[in-house]
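The structure appears right after this line, and notes come after that.
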Amino acid sequence: MSETVTQKAARDARRWLAGHASALETADEHLQLILGLTAAESLLAASGAGGNRLLHQAAAGLARFGLQDFAGDPVPALAAHAVLAGQGVRIPALAALAGHFTEALSDGARRPLPAALALPRALLRQAGSAVPDVVFRKPAWPSAYRVVASRRSQLLTFCHNLGCRTAWGLHRMRAGQLDAVLPYLAVSYARDWDIDMVCMLLRACAYLGVAGHAGTGWAVQWLLDQQQPNGAFGLLAPEARLVGYAGAEWRLYFQPTVIAVWALAETRAPGFFWGMD
Amino acid sequence: MRSPRLFPEPADGPLLPELVDERLTIGLAWINDHLAQFLPADRTNPDDMKELTELALLYGLMHRWLGASRQSWLEPIRQVLVAYLADPVSVHSAQRQPHFYNPYFLLYLAVRGAGLRTPAFEAALRRVRRAGYPRRLEMLPYRELEMHYLQWRAGLTSRAQGWGPLFRATTLGRASSPVYMAKWQVYSITHALFYLTDFAGPAAGAPAEAVENARLDTEALLVHFWREQDWDLTGELLLNLVALDGHDTPLFQAGATALLSAWRPEGFLPGPHYAGRADRSTGYRFKTCYHTTLVGLLFCGAYLYRKAESRQGGEGP
Numbered sequence: 001m002s003e004t005v006t007q008k009a010a011r012d013a014r015r016w017l018a019g020h021a022s023a024l025e026t027a028d029e030h031l032q033l034i035l036g037l038t039a040a041e042s043l044l045a046a047s048g049a050g051g052n053r054l055l056h057q058a059a060a061g062l063a064r065f066g067l068q069d070f071a072g073d074p075v076p077a078l079a080a081h082a083v084l085a086g087q088g089v090r091i092p093a094l095a096a097l098a099g100h101f102t103e104a105l106s107d108g109a110r111r112p113l114p115a116a117l118a119l120p121r122a123l124l125r126q127a128g129s130a131v132p133d134v135v136f137r138k139p140a141w142p143s144a145y146r147v148v149a150s151r152r153s154q155l156l157t158f159c160h161n162l163g164c165r166t167a168w169g170l171h172r173m174r175a176g177q178l179d180a181v182l183p184y185l186a187v188s189y190a191r192d193w194d195i196d197m198v199c200m201l202l203r204a205c206a207y208l209g210v211a212g213h214a215g216t217g218w219a220v221q222w223l224l225d226q227q228q229p230n231g232a233f234g235l236l237a238p239e240a241r242l243v244g245y246a247g248a249e250w251r252l253y254f255q256p257t258v259i260a261v262w263a264l265a266e267t268r269a270p271g272f273f274w275g276m277d
Numbered sequence: 278m279r280s281p282r283l284f285p286e287p288a289d290g291p292l293l294p295e296l297v298d299e300r301l302t303i304g305l306a307w308i309n310d311h312l313a314q315f316l317p318a319d320r321t322n323p324d325d326m327k328e329l330t331e332l333a334l335l336y337g338l339m340h341r342w343l344g345a346s347r348q349s350w351l352e353p354i355r356q357v358l359v360a361y362l363a364d365p366v367s368v369h370s371a372q373r374q375p376h377f378y379n380p381y382f383l384l385y386l387a388v389r390g391a392g393l394r395t396p397a398f399e400a401a402l403r404r405v406r407r408a409g410y411p412r413r414l415e416m417l418p419y420r421e422l423e424m425h426y427l428q429w430r431a432g433l434t435s436r437a438q439g440w441g442p443l444f445r446a447t448t449l450g451r452a453s454s455p456v457y458m459a460k461w462q463v464y465s466i467t468h469a470l471f472y473l474t475d476f477a478g479p480a481a482g483a484p485a486e487a488v489e490n491a492r493l494d495t496e497a498l499l500v501h502f503w504r505e506q507d508w509d510l511t512g513e514l515l516l517n518l519v520a521l522d523g524h525d526t527p528l529f530q531a532g533a534t535a536l537l538s539a540w541r542p543e544g545f546l547p548g549p550h551y552a553g554r555a556d557r558s559t560g561y562r563f564k565t566c567y568h569t570t571l572v573g574l575l576f577c578g579a580y581l582y583r584k585a586e587s588r589q590g591g592e593g594p
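Those protein sequences? They're chains V and Z, same order as listed.
Residue 117 in the working numbering sits at position 117 of the first sequence, and the numbers go up by one each step.
Start counting at 1 in the second sequence, then tack on 277, and there's your number in the working numbering.
Structure follows, in structure tokens:
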């Protein structure tokens, strides 16, 4: 895979994401924007003023929300907290959320915690929180047979859990038969034109250390083919028309663009979030 | 796309070779119970010949793969084919279309190497070859590979087509991404590999890079069609992996277990268009499942043949 092609994809995606920052309406969208910009910066290897400026703008947008009633996935919130802490930006609502999680993790000093909590713990540490040393239960991986036979929703959950257990690639793990199956599952879901699932599988492959597999390469190439000239990811006009959206509805492409850039960043440098590249 | 159901993992079941052996036994019994349905309704119509031609291919390969102790399992099929070849209607129909992708001669070539020859068909073959069969046919590259392969196996030519220009003209040789392959292209790949590897392999003399690329394509497509529960293509791709020596991997073992678990106790392997509860008539079941069952049997036969070959140096299961 040519690095130039991926970098151009990241640059175009970053421009498109930043161009819609002022139209975002929810805290969750702002969290996604921060993560998308972080992944794009990683691909561009550009932590210079341009990237920082965009992140600061995104943080200012997020700070408008109180987050007291935030009921979304806490992982993006903790991740954004870690990213912004690295930029010297502190959003009180995110800090409060991090505080709650730090307290919950202190339980782990007494007994092993579910392996899925490895990711929140790593994010809190990245943000500079004083989290206790804890022991996690050893994850049990399903067989290749079971994973291939899984329904889509089951596979999404599995990939999400794998990301949590490996702390987005911070803890390198081997998963036996899955090393050989997940890259090909990414190819399979690409054949079904399922960008969400392909991105989740590509990230899972990166966390298991098989980003260099031939199947991963085919899926990444397909993912790059999904980018529009304006930088957004997803060739979703046919689906949009089916459900009655106008083809120009930018919000349809927001989440796919964030997850595509994130998947590309993990594939190029597994564990990029932790500065492992 | 059909939503794949989560079927139970066959834990603590028999080992793969034992499972394969058991499916081979019940599958061949099912074929033998349905031989009448393989016969063409109208043997003057080439379009009615598909089932019997495929049965002949199974016979030709199994005759070579099964050990002496199991040749008797093929006897009912042999009798059907002998009776067909002895019928003047078959010979005359075959001889009428020398510039046609001719199922009559595909059938004859498939069994000729297994010793099923008749003077009438031999004479007809000489005549159509003189009239240009099969070199005057315009075919897709993988079909050309098939013709070369069948002529070689029938003993009409001295060597099979190798991994040369004809291979490079196929979908397999063009190194496309498996993401973008249409279903007919997947069939092109599985069939090209059948003929390049003599169905069961090994892929002796093939360039290592071409074999590795073929294995990667095959594994990627296997996972997709296994997920789709398309046992037809899953079976063909598993057969390809046997030939490419890709049959000792966890992926292969898991895929093969899935295929064998889909096999019905009655002896047939459900085809992609089979809807179990919609119509249980014997005719419907045969029509929708015979081809997939033949593919499953070829997989079983090739797998056991290669296993036995590696253990004993030649004698089939």
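Backbone N, C-alpha and C define an ideal beta-carbon position, used for all residues, glycine too.
As the structure is a computational prediction, the values presented were derived from the model and not from experiment.
Distance, residue j Cα to residue i Cα
| i | j | result |
| --- | --- | --- |
| Z/F545 | Z/R557 | 13 Å |
| V/L119 | V/A167 | 4 Å |
| V/T6 | V/L224 | 8 Å |
| V/A21 | V/A85 | 20 Å |
| V/V135 | V/L162 | 17 Å |
| V/R111 | V/G99 | 20 Å |
| V/K8 | V/L35 | 18 Å |
| Z/R394 | Z/L338 | 16 Å |
| V/S47 | Z/D509 | Bear in mind that the predicted position of V/S47 carries a pLDDT of just 48, short of 50, making it unreliable; the figure below should be weighed with that in mind. When rounded, the distance between both Cα atoms is 52 Å. |
| Z/G560 | Z/L296 | 27 Å |
| V/L78 | V/R90 | 12 Å |
| V/K138 | V/A214 | 29 Å |
| V/R174 | V/L208 | 6 Å |
| Z/A497 | V/V181 | 9 Å |
| V/H81 | V/L24 | 19 Å |
| V/L124 | V/F158 | 23 Å |
| V/F272 | V/M197 | 20 Å |
Neighbour flag for residue i against chain V, beta carbons, 7 Å
| i | result |
| --- | --- |
| Z/E334 | According to the sequence as given, residue 334 of chain Z is Leu; it is not Glu. Chain V contact via Cβ: absent. |
| Z/P349 | The sequence as given places Ser at residue 349 of chain Z; Pro does not occur at that position. By this cut-off, Z/S349 is not an interface position. |
| Z/L383 | no |
| Z/L296 | no |
| Z/L493 | yes |
Closer than 7 Å to chain Z by CB, residue i
| i | result |
| --- | --- |
| V/G215 | yes |
| V/G117 | Note on identity: in this sequence residue 117 of chain V is Leu, with Gly being the wrong assignment. So, not an interface residue. |
| V/A186 | no |
| V/Q57 | no |
| V/Q7 | no |
| V/Q177 | yes |
| V/A180 | yes |
Range covered by the alpha helix (DSSP H) that runs through residue i
| i | result |
| --- | --- |
| Z/R420 | P418 to R430 |
| V/D179 | L178 to R191 |
| Z/N490 | A485 to R504 |
| Z/N309 | L293 to D310 |
| V/G86 | P74 to G86 |
| V/I91 | It is not in any alpha helix (DSSP H) - V/I91 carries neither H nor E in the DSSP assignment. |
| V/W218 | A214 to D225 |
| V/Y253 | R251 to R268 |
| Z/Y582 | T559 to Q589 |
| Z/Y385 | P380 to R389 |
| V/E25 | Counting along the chain, V/E25 falls outside any alpha helix (DSSP H), and DSSP gives it neither H nor E. |
Cβ neighbour criterion (16 or more within 10 Å) applied to residue i
| i | result |
| --- | --- |
| Z/Y457 | exposed |
| Z/A288 | Residue placement at Z/A288 is poorly supported in this model, since its pLDDT is 47, which falls under 50; the coordinates are not used for a value here. |
| Z/D525 | exposed |
| Z/N322 | exposed |
| Z/Q348 | exposed |
| V/R151 | exposed |
| Z/E486 | exposed |
| Z/H550 | exposed |
| V/T38 | buried |
| Z/W307 | buried |
| V/N230 | exposed |
| V/E266 | buried |
| V/P238 | exposed |
Mind checking the stretch 131-162 of chain V against chain B and listing, in chain order, the residues whose C-beta falls within less than 8 Å of any C-beta there?
The question asks about chain B, but that chain is absent: this structure's protein chains are V and Z.
Members of the stretch 523-540 of chain Z that neighbour chain V once the beta carbon cut-off is set at 7 Å
T526, P527, L528, A531, T534 and A535
Which residues, in order along the stretch 496-521 of chain Z, keep a beta-carbon less than 7 Å from a beta-carbon of chain V?
E496, A497, V500, H501, W503 and R504
Could you run through the stretch 449-469 of chain Z and flag, in chain order, every residue whose CB is less than 7 Å away from some CB of chain V?
S454, P455 and V456
If you measure beta-carbon to beta-carbon, which residues of the stretch 190-224 of chain V are closer than 8 Å to chain Z?
A190, R191, D192, A214, G215, W218, A219, Q221 and W222
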